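Below: one structure, written as structure tokens.
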Amino acid sequence: MILFLIYVLIFVAAFFAVKTVASRNSNSDYGPLKTVTFGDESAVKPSRSASVISILSIFLLWAMFTGSVLLPNFLHVPGPFEGVGTFEYTTQAGSKLDTATVTVLVHPISSPEEAPPVDVGDGWAKNDSVAIGMWRSDLLRVDRNDEFGRSDGAEIIEINGFKVEPGDTIDVGWGTVTISDKGTPNIQPAKGWQMESIWLPAPEAVVKRVGEIANEGFRGSTLWEHLGYSLFRVIIGFFFGALVGIPLGYAMGLSNWFRGWFDPIVEFMRPVPPLALIPLVIIWAGIGETGKIILLFLAALWIMAIAARSGVSGVNISKVHAAYSLGASKSQIMRYVIVPNSLPEIFTGARVAMGVCWGTVVAAELVAAEQGAGMMIMVASKFQNTDIVIMGIILIGIIGFGIDMLMRWAERILVPWKGKG
Amino acid sequence: MSGLSIQSISMRFDLPNGESVQALQDVSIDLKAGELLSVLGPSGCGKTTLLNIVAGFIAPTAGRMMLNGHEIDGPDAERGMVFQQGALFEWMSVRENVGFGPSMKGMPKKNKVEIVDHLLDVVGLQDFKEKAVYELSGGMQQRVALARCLANDPDVILMDEPLGALDALTREKMQSLVLKLWKETGKTIILITHSVEEALLLGERLIVMAPRPGRIHKEYHLPFAEIGVGEDLRNVKKLIEFTERREEILGMIWDMEEEIMGRSEAVS
Ligand SMILES: Nc1ncnc2c1ncn2[C@@H]1O[C@H](COP(=O)(O)OP(=O)(O)O)[C@@H](O)[C@H]1O
Ligand SMILES: [Mg+2]
């Protein structure tokens, strides 16, 4: 909630800041000035500064809420309490009252400590001490060293001088103390707003983890081997999918019989998400490489077949007619008209197929794999290595984005006539 | 015997809903080699159908066609086609488009280059030969289409509203180019158009078609194409004879359109 509010705040603040800066050096803005921009889709261009600030603010929030060392301390949201806190409890046994002090040492989870030594003090209620990890809480039997304990009918009636009954919560300044139903104080040092690293590690921890895994590996394979395995499966699966799918699509676009025969199959398989095939593929082909490649092959196959089919049906009939009247034979029409005409569609299909394959391979590795990006984050999550999980997600995102960029680039180079017919 | 002979062509389209359209009924045309025929008529009177039949893309339901003594039974390089637009191969450069026909025939590279260069000179696109066709303006694209058709040296050139998509100024220039090419190459040309003026300017002979069923309504022999070869087309349009003809044919087409409108109104 607070996170969301801060995000909105940054969004609005950045908007006005950039606007003021931009209006100050607006003379750098050339080209015709459009007066009608609202509602003119072509006038909406992604603001570069907005994109940069957007990415930076995500990292900023991440660092703020994890107490990252990359940020100066004053930018962090309040962290959990760390250090020594005390509170007093007053206990009553029959008509006898006595007060004792509890000393609490709150330490980082990564460096466990002993309860600090304290003087037991005078009176029949003795002073206590306990060590608690940050973000944790502890139910402390403060009466265990008292001369009259709970079994003797002693009862805590005040915390820091405030009257309490079972169920009450008292703020002791550095945290809260709640009296349990049985009368035992439950000590909860303040958690602050920062996230525990088991939920969300700081950015530098993730970066460090990348370095570690890149050097030492994870589960017997280096980071690059894991990612390489995933990519390799995608490429092989896609390759075979295209190898079969494209000719199938051409056949469907060119022959009644093929169209009739494969239409029901393709139209049925197309809406089946490849993920739904994972169980079946595991049953048939096991969890090894074959199974994954078959899965990716199937994911790419229908997409490529449909792309090739619509590439063929999309040919302007006058181009085909023109080619015939220029003396082209059927095979020449195929080679010089139909294939080049369908390439843009096939590239679009290939881009979609690569995206789907990448998503499918990660999901398949989540289910079962020896290596791979998905396996890495799945195993890491079982051991609560959140830093590896986040690293994995970021790398998977970057690679997916990279694949798409690469396909777009190839498309620009190889089919510059796309959309120009 | 040389020339194109269209003998009693009829074409009926059976629609999926059981109705049928008589697109052409008993159309006969005899063209001598080197004649320039323009075909005019309201929308839907079967002009495109007629051209597609002559090109060999569809077979007529009745009648037959002879070209230079043999029967037409499919598309062939002897009959070249120029479409309104969208028929250039956008994956090829201007040069490759023009050289397409010769390439398909497997002509030696040297001859092909010669032909392509010559035709690009004729249509004035020498400077654009390495450009992609989608980088050219509409008028230039149609010049590429003309050059591509001529590169194959067909006996007959069929044009279906080749200038229909061009703006008025470009169109006028292209009309001169068509006349020039016709005169220089001596090709037999059938040109379909929507524009009465264009039909008069570019037709040695002019056929006006009437719709439902598509048939020949009237035929003219005209002097304007011959005059236009050596003359500014704007001067031709000023001739008294030209304006009279234009008014006469405009009136005729106007009446046909009225009739169609009246009939469809009565139906609805
Ligand atoms: N493939 C077809 N199927 C059914 N009807 C057609 C087909 N082609 C043309 N027609 C019909 O034939 C008539 C003539 O069409 P067309 O030759 O395109 O006319 P024009 O070119 O003179 O405008 C029209 O009524 C049209 O609807
Ligand atoms: Mg037409």
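Residue numbers (my numbering), protein chains in the order written: chain A, 816 to 1236; chain B, 155 to 422.
Glycine is no exception: its CB is placed at the ideal position from the N, C-alpha and C atoms.
Because the structure is a prediction, the values reported are computed rather than measured.
Status (buried if at least 16 other CB within 10 Å, exposed otherwise) for residue i
i: Arg1227/A; result: exposed
i: Asn306/B; result: buried
i: Asp855/A; result: exposed
i: Val270/B; result: buried
i: Asn1071/A; result: exposed
i: Ser422/B; result: Caution is warranted here: a pLDDT of 49 is assigned to Ser422/B, below 50, making its placement in the model unreliable, and the coordinate value is therefore given only provisionally. It counts as exposed.
i: Thr870/A; result: According to the sequence as given, residue 870/A is Ile; it is not Thr. Answer is exposed; the Cβ neighbour count stays below 16.
i: Arg1085/A; result: exposed
i: Ile183/B; result: buried
i: Arg249/B; result: buried
i: Asn265/B; result: exposed
i: Lys341/B; result: buried
i: Val352/B; result: Here residue 352/B is Glu; the residue named in the question, Val, does not match the sequence. By the neighbour-count rule (16 or more Cβ atoms within 10 Å), Glu352/B is buried.
i: Lys941/A; result: buried
i: Gly234/B; result: buried
i: Ala1184/A; result: buried
i: Ile1080/A; result: exposed
i: Met219/B; result: buried
i: Leu1229/A; result: exposed
i: Gly195/B; result: buried
Beta-bridge pairing of residue i - partner residues as DSSP gives them
i: Gly405/B; result: According to DSSP, Gly405/B bridges with nothing at all.
i: Gly368/B; result: DSSP, once it has assigned bridges, lists no residue as partnering Gly368/B.
i: Pro1000/A; result: Ile994/A
i: Val236/B; result: Met313/B
i: Phe1248/A; result: The question about residue 1248/A has no answer, for chain A in this structure spans 816 to 1236.
i: Asp184/B; result: Ser159/B
i: Tyr374/B; result: Leu360/B
i: Ser164/B; result: Ala216/B
i: Ile947/A; result: Val921/A
i: Ile343/B; result: Leu190/B and Ile311/B
i: Ile226/B; result: Paired residue(s): none; Ile226/B is not in a bridge.
Alpha-carbon spacing of residue i relative to residue j, whole angstroms
i: Ser1045/A; j: Val1194/A; result: 15 Å
i: Gly1032/A; j: Val1204/A; result: 14 Å
i: Gly938/A; j: Gly882/A; result: 43 Å
i: Leu1221/A; j: Gly1170/A; result: 12 Å
i: Leu312/B; j: Leu300/B; result: 10 Å
i: Ala1188/A; j: Phe1216/A; result: 15 Å
i: Cys1172/A; j: Ile1208/A; result: 16 Å
i: Val1182/A; j: Lys1107/A; result: 11 Å
i: Met816/A; j: Gly948/A; result: 25 Å
i: Gly898/A; j: Val921/A; result: 5 Å
i: Ser1144/A; j: Met328/B; result: 31 Å
i: Asp314/B; j: Pro229/B; result: 15 Å
i: Lys834/A; j: Thr852/A; result: 16 Å
i: Leu818/A; j: Phe896/A; result: 20 Å
i: Val987/A; j: Asp953/A; result: 15 Å
i: Gly1052/A; j: Asp1202/A; result: 30 Å
i: Gly936/A; j: Leu820/A; result: 48 Å
i: Ile1097/A; j: Ile1213/A; result: 28 Å
i: Ser1012/A; j: Ala1005/A; result: 16 Å
i: Ile160/B; j: Leu274/B; result: 33 Å
i: Trp1076/A; j: His1136/A; result: 27 Å
i: Ala829/A; j: Ile868/A; result: 7 Å
i: Met406/B; j: Cys303/B; result: 33 Å
i: Ile394/B; j: Ile381/B; result: 14 Å
i: Gly964/A; j: Gly894/A; result: 36 Å
i: Val252/B; j: Gly1234/A; result: 22 Å
i: Gly416/B; j: Asp386/B; result: 40 Å
i: Glu289/B; j: Gln296/B; result: 13 Å
Ligand 3 heavy atom lying under 7 Å from the CB of residue i
i: Glu897/A; result: Of the ligands this structure carries, namely ligand 1 and ligand 2, none is ligand 3.
For this session: Give every residue whose Cβ lies closer than 5 Å to any heavy atom of ligand 1, listed in chain order.
Result: Those residues are Phe167/B, Val175/B, Ala177/B, Ser197/B, Gly198/B, Cys199/B, Gly200/B, Lys201/B, Thr202/B and Thr203/B, given in chain order.
Exercise. Contact between the segment 859-879 of chain A and the segment 820-827 of chain A: three or more CB pairs below 8 Å?
Worked result: Counting Cβ pairs under 8 Å, three or more are found: they touch.
Exercise. Does the segment 1176-1192 of chain A come close enough to the segment 1010-1026 of chain A to have 3 or more Cβ pairs within less than 8 Å?
Worked result: No, because fewer than three Cβ pairs between the segment 1176-1192 of chain A and the segment 1010-1026 of chain A fall closer than 8 Å, the two stretches do not touch.
Exercise. Taking three-plus beta-carbon pairs below 8 Å as touching, is the segment 347-363 of chain B in contact with the segment 183-193 of chain B?
Worked result: Note that the segment 347-363 of chain B touches the segment 183-193 of chain B; at least 3 beta-carbon pairs, one per stretch, sit closer than 8 Å.
Exercise. Is it a yes or a no for the segment 988-1006 of chain A touching the segment 926-933 of chain A, going by three-plus beta-carbon pairs under 8 Å?
Worked result: By the Cβ test, the segment 988-1006 of chain A is not in contact with the segment 926-933 of chain A, since fewer than three Cβ pairs between them sit closer than 8 Å.
For this session: Specify whether the segment 968-988 of chain A and the segment 1021-1036 of chain A touch according to this definition: at least 3 beta carbon pairs, one from each stretch, less than 8 Å apart.
Result: Contact annotation: the segment 968-988 of chain A does not touch the segment 1021-1036 of chain A, with fewer than three C-beta pairs closer than 8 Å.
Exercise. Looking at C-beta atoms only, is the number of pairs between the segment 1126-1137 of chain A and the segment 1147-1166 of chain A that lie closer than 8 Å three or more?
Worked result: With a cut-off of 8 Å, the segment 1147-1166 of chain A and the segment 1126-1137 of chain A count as touching, because enough Cβ pairs lie within range.
For this session: Evaluate contact between the segment 202-214 of chain B and the segment 396-403 of chain B, counting only Cβ atoms and requiring at least three cross-stretch pairs below 8 Å.
Result: Flag = no, the segment 202-214 of chain B and the segment 396-403 of chain B do not touch.
Exercise. Pairing CB atoms from the segment 1148-1157 of chain A with CB atoms from the segment 161-177 of chain B, are three or more of them under 8 Å?
Worked result: At 8 Å Cβ cutoff, the stretches do not touch.
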